[in-house]
DNA sequence: GAAAGTGCTGACCGATCGGTCAGCTATTCT
DNA sequence: AGAATAGCTGACCGATCGGTCAGCACTTTC
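Residue numbers (UniProt numbering), protein chains in the order written: chain R, 1 to 182; chain A, 1 to 182.
Here it is, written out as structure tokens:
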């Protein structure tokens, strides 16, 4: 792995666990075994390092959300949900960071891009219902999943990957099912 | 409201929205219309200001969790859940901060106290089941509720208080119901 | 073999951080 | 009236922050 890739991976892990503003370039450099100057050679600023760390996840979310407006049958919906859960599992660090720290990182372009996607997703899941509960079910599913996938390990909870996937799909299906099928 | 109380309220709001480490004492002082020195007169350090800001919430959580081990009937359980939801609503800022930034604030005593309470709560809701899904339902309910109560406003969502309470109780009851009743 | 480019470094910069301290003002206590 | 206390302040401190820059070693290109 190139130094640049290594820095991106380390930065993502630190940004997620300690927080963006609490993570110094110096610390990232030390963890990577290079100098701070080297970090700023590969990335022109701390903010650009953040962009590089999470933009692949936002790109992938864009791809996963592409067929959103064409979902028709319940089968379509189930397939989309599974793809979305796979996305959450694959990019759990990025998602957690976006969910937890996104609101304090407005004006970072990639964060705004992600926010727009979340709004689009929320609109889909509540388009046939303006009820408070319906909107809250979506919020709890999204925020809860992001929380589970990262923060849970704080309490020493570690789950097998396949079981995690199955459980997540099951719970989110339940939370996000159309009213008519509940 | 005394200057001290005002500082605590402002600090809590800023810590929650911008993050603990991203919030400077200077900024808190400016928002309160006093000098930075004045902040450090009322609170001996930034960390102690954090303690003062969230310890009332942790105290209240301790009170709410007190009857946890004596819960017997489904009625007990329902009453506890309602009390817990009321606690979440009352201390939404503190809870959000604890959930989102707690893991990066270990070694702060009040955070550790809160973590112990969450562990105790998790054990209750999964004591009769070590299944992955059961544990995840708890995590999603807790993390999701915390997310909804604060971050959702980022996306311009604002719900009436009473509807929020009812919906939250309904959703969390569903997520945390004993397996036997599902 | 000179020139150009890549990866990386230490020295250094201004700004800001959390925190200390002496001292000011106004109120309260004796 | 005088002493003590509470509330608050500006000046200042060392440390650390993100970021700049000249220059080093090495490889590739011409």
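Every residue, glycine too, gets a C-beta built ideally from N, C-alpha and C.
Of the choices the options, whose alpha-carbon is the least far from that of residue i?
{"i": "residue 195(A)", "options": "126(A), 149(A), 7(A) and 145(A)", "result": "Outside the displayed span of chain A (1 to 182) sits residue 195(A), for which this structure offers no information."}
{"i": "residue 4(R)", "options": "21(R), 22(R) and 34(R)", "result": "34(R)"}
{"i": "residue 48(A)", "options": "82(A), 67(A), 12(A) and 154(A)", "result": "12(A)"}
{"i": "residue 17(R)", "options": "51(R), 92(R) and 79(R)", "result": "92(R)"}
{"i": "residue 165(A)", "options": "23(R), 157(R), 160(R) and 136(R)", "result": "136(R)"}
{"i": "residue 107(R)", "options": "51(R), 15(R) and 44(R)", "result": "51(R)"}
{"i": "residue 32(A)", "options": "22(A), 55(A), 2(A) and 44(A)", "result": "2(A)"}
{"i": "residue 42(R)", "options": "170(R), 6(R) and 72(R)", "result": "6(R)"}
{"i": "residue 160(R)", "options": "153(A), 133(A), 46(A) and 155(A)", "result": "133(A)"}
{"i": "residue 152(A)", "options": "90(R), 45(R) and 99(R)", "result": "99(R)"}
{"i": "residue 158(A)", "options": "162(R), 44(R), 131(R) and 154(R)", "result": "131(R)"}
{"i": "residue 170(A)", "options": "79(A), 90(A), 155(A) and 154(A)", "result": "79(A)"}
Sorted by chain position, which residues of the same chain lie with C-beta nearer than 6 Å to residue i's C-beta, five sequence neighbours on each side aside?
{"i": "residue 178(A)", "result": "none"}
{"i": "residue 141(A)", "result": "172, 175 and 176"}
{"i": "residue 53(A)", "result": "8, 11 and 12"}
Here's a check: name, in chain order, each residue in its chain whose Cβ is nearer than 8 Å to the Cβ of residue i, leaving out the five neighbours to either side.
{"i": "residue 88(A)", "result": "95, 145, 146, 149 and 168"}
{"i": "residue 19(A)", "result": "101"}
{"i": "residue 14(R)", "result": "23, 27, 28 and 31"}
{"i": "residue 70(A)", "result": "76"}
{"i": "residue 143(A)", "result": "99"}
{"i": "residue 81(A)", "result": "169, 172, 173 and 176"}
{"i": "residue 68(A)", "result": "80, 120, 121 and 124"}
Does residue i come out as helix, strand or coil in the three-state DSSP assignment?
{"i": "residue 124(R)", "result": "helix"}
{"i": "residue 107(R)", "result": "coil"}
{"i": "residue 21(R)", "result": "coil"}
{"i": "residue 73(A)", "result": "coil"}
{"i": "residue 61(A)", "result": "helix"}
{"i": "residue 163(A)", "result": "helix"}
{"i": "residue 41(R)", "result": "helix"}
{"i": "residue 47(A)", "result": "helix"}
{"i": "residue 33(R)", "result": "coil"}
{"i": "residue 155(R)", "result": "helix"}
{"i": "residue 170(A)", "result": "helix"}
{"i": "residue 178(R)", "result": "coil"}
{"i": "residue 91(R)", "result": "coil"}
{"i": "residue 55(R)", "result": "helix"}
{"i": "residue 148(R)", "result": "helix"}
{"i": "residue 115(A)", "result": "helix"}
{"i": "residue 1(R)", "result": "coil"}
With a cut-off of 8 Å, does the C-beta of residue i fall near any C-beta of chain A?
{"i": "residue 103(R)", "result": "yes"}
{"i": "residue 57(R)", "result": "no"}
{"i": "residue 159(R)", "result": "yes"}
{"i": "residue 10(R)", "result": "no"}
{"i": "residue 183(R)", "result": "Nothing in the structure corresponds to residue 183(R), since chain R is present only between 1 and 182."}
{"i": "residue 141(R)", "result": "yes"}
{"i": "residue 155(R)", "result": "yes"}
{"i": "residue 75(R)", "result": "no"}
Please return the same chain residues whose Cβ sits closer than 7 Å to the Cβ of residue i, not counting the five positions on each side in sequence.
{"i": "residue 84(A)", "result": "64"}
{"i": "residue 102(R)", "result": "111, 114 and 115"}
{"i": "residue 138(A)", "result": "122, 125, 126 and 176"}
{"i": "residue 105(R)", "result": "20 and 111"}
{"i": "residue 55(R)", "result": "110"}
{"i": "residue 97(A)", "result": "15, 16 and 54"}
Counting only beta-carbon atoms, is residue i nearer than 8 Å to chain R?
{"i": "residue 35(A)", "result": "no"}
{"i": "residue 137(A)", "result": "yes"}
{"i": "residue 147(A)", "result": "yes"}
{"i": "residue 116(A)", "result": "no"}
{"i": "residue 170(A)", "result": "yes"}
{"i": "residue 122(A)", "result": "yes"}
If you measure from the CB of residue i, is any heavy atom of the ligand NAP nearer than 7 Å?
{"i": "residue 167(A)", "result": "The ligand NAP is not among the ligands present in this structure, which contains no ligands whatsoever."}
- prompt: With a cut-off of 8 Å, do at least 3 Cβ pairs link the region 35-49 of chain A to the region 37-51 of chain R?
  reply: Put simply, the region 35-49 of chain A does not touch the region 37-51 of chain R. Fewer than three CB pairs are less than 8 Å apart.
query: When the Cβ atoms of the region 110-117 of chain R are set against those of the region 100-120 of chain A, are three or more pairs found closer than 8 Å?
result: no
- prompt: Does the region 17-31 of chain R come close enough to the region 59-69 of chain R that 3 or more CB-CB pairs lie under 8 Å?
  reply: no
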